[in-house]
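Below is one structure; the comments refer to it alone.
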Amino acid sequence: MSSEYERSDTYSDLDNRWADFTSDESQPDPADAYVFQFHSIDEELGPDQRWSTWLDVERGCRGPEPRPSWVVTEQAAIDTELGVLKTGKEADVFLLERAVEAIGDNPAKSSLLAAKRYRTEEHRSFHRSTAYAEGRRTRNSRDSRAMAKKTAHGRSVAAGQWAYAEWDALNRLWKAGVPVPYPVQVDGTELLMEFIDDGEGGAAPRLAQVRPSKELLCEYFEQLRGGMRELARAGLAHGDLSPYNVLAQGERIVMIDLPQVVDIVGNPKGMDFLMRDCHNMATWFTNRGLEVDEQELFADLLSMVF
42 MSSEYERSDT YSDLDNRWAD FTSDESQPDP ADAYVFQFHS IDEELGPDQR WSTWLDVERG
102 CRGPEPRPSW VVTEQAAIDT ELGVLKTGKE ADVFLLERAV EAIGDNPAKS SLLAAKRYRT
162 EEHRSFHRST AYAEGRRTRN SRDSRAMAKK TAHGRSVAAG QWAYAEWDAL NRLWKAGVPV
222 PYPVQVDGTE LLMEFIDDGE GGAAPRLAQV RPSKELLCEY FEQLRGGMRE LARAGLAHGD
282 LSPYNVLAQG ERIVMIDLPQ VVDIVGNPKG MDFLMRDCHN MATWFTNRGL EVDEQELFAD
342 LLSMVF
């Protein structure tokens, strides 16, 4: 009994001496160790808004690194649809703003994107898909059979395949230095990419709509030939290249609409597609006053392939 009593006195004495040494003022309040600052966020989105889908897709479905500084990756970002940029037989293109408000030390950030959405099976008409897709393979045998039978599922798979075909092409060509929009992400049948503007808030015009000076015309052609050479070096042809699938952004051109990109060697009609690309572009430049020989252009591109 005496030993337990002595031990209790010892502990009490230590507690008293510790209190005298530190004083009450030096004792921190445990509640002060956890101080949070909360900012209210309005989660009510408008009819043309949604939360950013950036983190909803797999890592392989996000744009290649290094990513441009304008790409918004914050989870709190909101996508706002601003209108239609283009309608087509296979897909429609919408203007989208992806923006996040300033939070704490993180500044506000926003960017404009082109959202290309391939049509659903009941509203779609891939009138040239067979010729372009020759040489491509579908891993899933069930999907292959469904596509061959043109069932609803098969048509849905086809739409997704065209979106991913364009996604793969943009990724590959962006890395190779071809003048194409930066691919931001792909999600099912929706492809988000860099919006090519005219420098004044609007969309850049198509090459067919501009009347450049002779000097700028020459610069455009050199850029175009350089892009076509890089495509050919990768064994590819645009497949549907024309002045309507090239944007003129000031002194820079950008190739667009690449879901049908063609393997020049793997596709039995690859050479024909490449020749048609050369003919379309050579004709436009010649009509604008710059003599371009389509056969010379074709031969130059072939030298990149073989």
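Count along the sequence shown from 1, then add 41; that gives the number in our numbering. Glycine included, every Cβ here is placed at the ideal spot set by N, Cα and C.
Assigned exposure category for residue i - 16 Cβ within 10 Å defines buried
i: residue 104; result: buried
i: residue 226; result: buried
i: residue 147; result: exposed
i: residue 157; result: buried
i: residue 286; result: buried
i: residue 277; result: buried
i: residue 125; result: exposed
i: residue 262; result: buried
i: residue 259; result: exposed
i: residue 230; result: buried
i: residue 91; result: exposed
i: residue 268; result: buried
Sub-9 Å separation of residue i and residue j beta-carbons
i: residue 301; j: residue 239; result: no
i: residue 141; j: residue 150; result: yes
i: residue 115; j: residue 95; result: yes
i: residue 333; j: residue 316; result: no
i: residue 283; j: residue 245; result: no
Residue i (DSSP reduced to helix, strand or coil)
i: residue 310; result: coil
i: residue 262; result: helix
i: residue 92; result: strand
i: residue 221; result: coil
i: residue 277; result: strand
i: residue 346; result: helix
i: residue 103; result: strand
i: residue 286; result: coil
i: residue 153; result: strand
i: residue 231; result: strand
i: residue 226; result: strand
i: residue 318; result: helix
i: residue 184; result: Unreliable positioning characterises residue 184 in this predicted model, as indicated by a pLDDT of 43, which lies under 50. A coordinate reading is not provided.
Rounded straight-line distance, which links the Cα of residue j to that of residue i
i: residue 185; j: residue 202; result: Caution is warranted here: a pLDDT of 44 is assigned to residue 185, below 50, making its placement in the model unreliable, and the coordinate value is therefore given only provisionally. Rounded to whole angstroms, residue 185 to residue 202 spans 11 Å at the Cα level.
i: residue 341; j: residue 235; result: 30 Å
i: residue 160; j: residue 228; result: 14 Å
i: residue 281; j: residue 99; result: 30 Å
i: residue 144; j: residue 119; result: 14 Å
i: residue 309; j: residue 303; result: 10 Å
i: residue 221; j: residue 265; result: 11 Å
i: residue 296; j: residue 271; result: 12 Å
i: residue 155; j: residue 347; result: 35 Å
i: residue 207; j: residue 255; result: 33 Å
DSSP bridge partner residues for residue i (one or two, in chain order)
i: residue 122; result: 137
i: residue 212; result: Paired residue(s): none; residue 212 is not in a bridge.
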